[in-house]
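Let me begin by presenting the structure, written as structure tokens, before commenting on it.
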Ligand code: DOR
Ligand code: ZN
Ligand code: ZN
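Numbering (my numbering), first residue to last: 669 to 1022.
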């Protein structure tokens, strides 16, 4: 069965500064193995991507290493208001952190939230990490400044119900849900392990997870929030939050399709059509993923391309598997092997001028 290449609008590549966790080579290999042919990379690297120079160096790493197509997002900082807007054409989106998570991009000052929401071009995507009460603030910013706002990784019943109400009132918000907020809950923490279960937003209650399924029509995108940290870090003293997700997401969706919990159309709408529209992404000609929807197999970190070396889905029985991926007419993945060379992936935004 042939489906379009997936678009993942929420991926952490870790380069620069966190290459021991992931880099543009391993991260985009993982993408292809998961049927993802285009992704947006988040800016909470070291240093964060917040200006022309840091954008340039992230794009240079991507250009030399990426196996799939991509854009690099810019981080909203307290000092980069004018710079940010001028870089809009060359970035995937502006990412604004209203709450604390991995990295240093959290904005504490409400004026910064207001200024960025007002200043960032309404025709360029704005994504927010906002949980609970800050999510309500993010929705208000969309309404007050009359601009689209994309709400990352929704995980709570209250959040999805508020988003439904906001959409019903015509407020221009869209949202995404991660596989770990659809397929895992607090009930899985003992088997995953306490430190390894750290993720932001946290794993939610079974009731919250049910709310995602009950409100599927409100969910615009599925996004992995692929956030690799090494197994040693996850097992250590101060485990950083985040799960790898690129290679397990499509198998989880296909398994849900095999169980009648999702349709193929649900998956393609949320993994291709909607992300392309929301983030203004180009079509990829002659790009598709061949899947065997019936193959049942066991997922294991031992067979993944991500550098992080673990998965919260170790030993999961999956039904449905990626057999090959074709990117712009070239077979780039087949039967568990990457066939592309680093640098095959293209920046889907215009090149940053010298
Ligand atoms: O769990 C998370 N990890 N949530 C985030 O928002 C950031 C991410 C990361 O970069 O590790
Ligand atoms: Zn986030
Ligand atoms: Zn993230």
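Backbone N, C-alpha and C fix where the C-beta goes; we use that ideal spot for every residue, glycine too.
Contact test: residue i Cβ vs ligand 1 heavy atom, cutoff 7 Å
i: residue 890; result: no
i: residue 772; result: no
i: residue 910; result: yes
i: residue 898; result: no
i: residue 849; result: no
i: residue 680; result: yes
i: residue 712; result: yes
Per-residue DSSP class, three states only, for residue i
i: residue 764; result: strand
i: residue 719; result: coil
i: residue 962; result: strand
i: residue 818; result: strand
i: residue 770; result: coil
i: residue 987; result: strand
i: residue 844; result: strand
i: residue 995; result: strand
i: residue 801; result: helix
i: residue 867; result: coil
i: residue 882; result: helix
i: residue 740; result: strand
i: residue 1009; result: coil
i: residue 680; result: coil
i: residue 858; result: helix
i: residue 670; result: strand
i: residue 851; result: helix
i: residue 899; result: helix
i: residue 981; result: coil
i: residue 956; result: strand
i: residue 894; result: strand
i: residue 1001; result: strand
i: residue 1015; result: strand
i: residue 750; result: helix
Heavy atom of ligand 2 within 7 Å of residue i beta-carbon
i: residue 868; result: yes
i: residue 797; result: yes
i: residue 843; result: no
i: residue 769; result: yes
i: residue 821; result: yes
Chain-order list of residues whose beta-carbon lies under 7 Å from that of residue i (same chain, five-residue window excluded)
i: residue 706; result: 673, 675, 736, 737, 738, 949, 952 and 1016
i: residue 806; result: 766, 796, 798, 817 and 819
i: residue 689; result: 682, 896, 897, 898, 975 and 976
i: residue 911; result: 848, 867, 895 and 980
i: residue 1007; result: 999, 1000 and 1001
i: residue 918; result: 674, 702, 703 and 990
Close Cβ partners of residue i (< 8 Å) along its chain, the five nearest in sequence each way excluded
i: residue 753; result: 787, 788 and 789
For residue j and residue i, believed in contact at Cβ under 8 Å, the rounded distance
i: residue 974; j: residue 694; result: 6 Å
i: residue 959; j: residue 922; result: 7 Å
i: residue 716; j: residue 771; result: 6 Å
i: residue 711; j: residue 773; result: 7 Å
i: residue 815; j: residue 834; result: Not confirmed; about 14 Å, so no contact.
i: residue 1018; j: residue 840; result: That pair is no contact at about 25 Å.
i: residue 830; j: residue 804; result: 6 Å
i: residue 671; j: residue 842; result: Actually they do not touch by this definition, with Cβ atoms about 22 Å apart.
Ligand 3 heavy atom lying under 7 Å from the CB of residue i
i: residue 895; result: yes
i: residue 986; result: no
Nonlocal neighbours in the same chain, by C-beta distance under 6 Å from residue i, ignoring five residues either side
i: residue 745; result: 718
i: residue 783; result: 749
i: residue 857; result: 865
i: residue 1011; result: 732
i: residue 794; result: 762, 788 and 817
With a threshold of 8 Å, are at least 3 pairs of Cβ atoms found where one atom belongs to the segment 926 to 938 and the other to the segment 711 to 726? no
Three Cβ pairs or more, each shorter than 8 Å: is that satisfied between the segment 794 to 801 and the segment 978 to 992? Contact between the segment 794 to 801 and the segment 978 to 992 is absent, because fewer than three Cβ pairs lie under 8 Å.
Decide if the segment 728 to 735 is in contact with the segment 764 to 780; the criterion is three or more beta carbon pairs, one per stretch, under 8 Å apart. no
Could you tell me whether the segment 866 to 876 touches the segment 845 to 856, using the rule of 3 or more Cβ pairs below 8 Å? Under the Cβ criterion (8 Å, minimum of three pairs), the segment 866 to 876 counts as touching the segment 845 to 856.
Please confirm if the segment 902 to 911 is in contact with the segment 695 to 702, defined as three or more CB-CB distances below 8 Å between the two stretches. no
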